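First residue of the sequence shown? That's 1 in full-length UniProt numbering, and the numbers climb one at a time after it. Yeah, the Cβ is synthetic: ideal placement off N, Cα and C, and Gly gets one too. The structure displayed is predicted, hence computed values, not measured ones. Down below is the structure, laid out as structure tokens.
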Amino acid sequence: MHKKRLEKCNQDILDYVEEFRDFSKMVLSRLAGLNNYKAEVKSEVENLLTRIERAQRDIDYFGSVTDSNTCIEVHEDLVKQQLFEEAEEKKKLKLMLNASCDHMLAGIKSLKIVKKTGDKHGSWMKDPGKKHTKIYLLNGSVNNVILEFANIMTFMESNHTLKARRVTLPFPWEGTGHVIYQGFLFYHRYGSLNEIIKFNIQKRNTADQMLLPGAGRIPAYQLSPSTKIDLAIDEQGLWAIHAEPDTGGNIVITKINHITMAVERTWDTSCNSKDAEAAFMACNTLYVVYNFPSGGTSRIQCVYDVLDAVNTYEIPVLHFPKRQGSHSTIHYNPKEKQLFAWGDGSQIIYKLHTKQKV
């Protein structure tokens, strides 16, 4: 009986072992299937990720191309706008500055020493805005008395001061950069940084005044340290010439409306004030006169045209003829096309040779 039970137990164990083997085979088979499925899924996922990455690269590429084209279009629009604005600004400038003024300085033909009177520094001039022939003498770099002469012959007489009309100013001037235009004296007020006075010569009163921004901190010309603001007259009216530390000592020119005493436009030039002794405006163009600190032959070697109508790099250096020394002031008279200069106490007229702007 025990033997049968033992045999039955052994058979049961064999049956369990066989069933476990079959189950194991089934589990292994399923696991193998799952592994295959897992590999397939992994492959599909990897393939999908690859396609997503490729799509992302395409999106980034097309996005960058679009952005680049947009930037190019915006950049081109800005350039077009700037060119348009510059063209419009140049049109306004030509209207304001009378584009018919088309001559430029080609040489200095001759000089005439009209008189030798007064201090080393001073200025003398005619009023180019009036038809009269009066001569005005402003002696010294600080003074408050103008001498007015009926004409140049009266001025040339030896006792000229006895025949001069004396006009006393309410405020003294500073430097030698003053001008007379259409019956008014325009000058830098002594003791002020940058105040310009407009004085009615006939009525003998102050008509107006203004402050010139940026001016007055350093001399307009290194060799004429008393002149901080040099006023000038040409075919277009009133200008101011000065230098600023902010421009590295380069000369700045400003167009001023002589009626309203308002600034119309300012230009930073490439002309340096170092070794400069004077300058003048003629037909919208600045001519800067240089010399040696010890004195010598004055020469024009920097030119700046506000309308860019002159190729300044092709202009040769222009020397003042026959004379050694220095100038404390040089002013252009647009009516007579001559320079009125003050050189070491001498009153000089320079005749000019001009040509048409290219």
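The three-state secondary structure of Lys163, taken from DSSP, is helix.
Counting only unbroken stretches of 4 or more residues, no alpha helix (DSSP H) element lies wholly within the region 188 to 212.
The distance from the Cβ of Phe320 to that of Arg299 is about 7 angstroms, consistent with a contact at the 8 angstroms cut-off.
Checking the DSSP bridge columns, you'll see Glu277 has no partner listed.
Counting only runs of at least 4 residues, the region 109 to 166 fully encloses the following alpha helix (DSSP H) elements, listed from N- to C-terminal order: 152 to 156.
Under a 10 Å Cβ-count criterion, Phe292 is classified as exposed, with fewer than 16 other Cβ atoms of the shown protein chains found around its own Cβ. The C-alpha of Asn200 is placed about 23 angstroms away from the C-alpha of Leu162. Spatial neighbours of Asp127 in its own chain (CB-CB distance under 6 angstroms, excluding positions within 5 residues in sequence) are listed in chain order as Ile180. Looking only at Val289, Ala243, Ala262, Leu352, the smallest Cα-Cα distance to Thr269 is reached by Ala243. Spatial neighbours of Ala215 in its own chain (CB-CB distance under 6 angstroms, excluding positions within 5 residues in sequence) are listed in chain order as Asn194, Ile229, His242. At the C-beta level, Phe184 and Ile196 stay beyond 8 angstroms of one another.
Membership of Val317 in any beta strand (DSSP E) is not indicated, and neither H nor E is assigned to it by DSSP. Out of Cys101, Tyr290, Val79, Leu105, the CA that lies nearest to the CA of His353 is found in Leu105. DSSP places Asp268 within a strand segment (E or B) once states are collapsed to three. Linking Lys337 to Tyr221 through their CA atoms gives a straight-line distance of about 24 angstroms. In the DSSP assignment, Ala232 falls within the unbroken beta strand (DSSP E) covering 230 to 234. The Cβ atoms of Ala341 and Tyr332 do not sit closer than 8 angstroms to each other. Sorting Ser192, Lys131, Asn143, Glu157 by C-alpha distance to the C-alpha of Thr168 places Asn143 at the top. Excluding sequence positions up to five before and after Thr247, its CB lies within less than 7 angstroms of the CB of Asp268, all in the same chain and listed in chain order. Relative to the Cα of Ile330, the nearest Cα in the group Ile233, Thr254, Asp308, Glu76 belongs to Ile233.
Taking C-alpha positions only, Ser273 is separated from Lys355 by approximately 27 angstroms.
Closest option to Leu238, judged by alpha-carbon separation, among Lys115, Phe171, Gly122, Met261: Met261. Thr354 carries a strand assignment under DSSP once its states are collapsed to helix, strand and coil. Under the three-state reduction of DSSP output, Glu174 falls in the strand class.
Under the three-state reduction of DSSP, Leu78 is assigned to helix. The C-beta separation of Ile348 from Val114 comes to about 7 angstroms, placing the pair in contact by the 8 angstroms criterion.
For Cys283, the CB contacts under 7 angstroms within the same chain, skipping 5 residues up- and downstream, are Cys101, His103, Met104, Asp234, Glu235 in chain order. The Cβ neighbour count for Ile259, taken over all protein chains shown within 10 Å, is under 16; the residue is labelled exposed. Here DSSP, grouped into helix, strand and coil, assigns Asp305 to strand. By the neighbour-count criterion, in which 16 or more other beta carbons inside 10 Å mark a residue as buried, Glu76 falls on the exposed side. In the three-state reduction of the DSSP assignment, Thr227 falls in the coil class, being assigned neither a helical nor a strand state. Look at Thr247 here: in three-state DSSP terms it is helix.
No Cβ-Cβ contact shorter than 8 angstroms links Ser328 with His188. By the neighbour-count criterion, in which a residue is buried when 16 or more other Cβ atoms sit within 10 angstroms of its Cβ, Met125 is buried.
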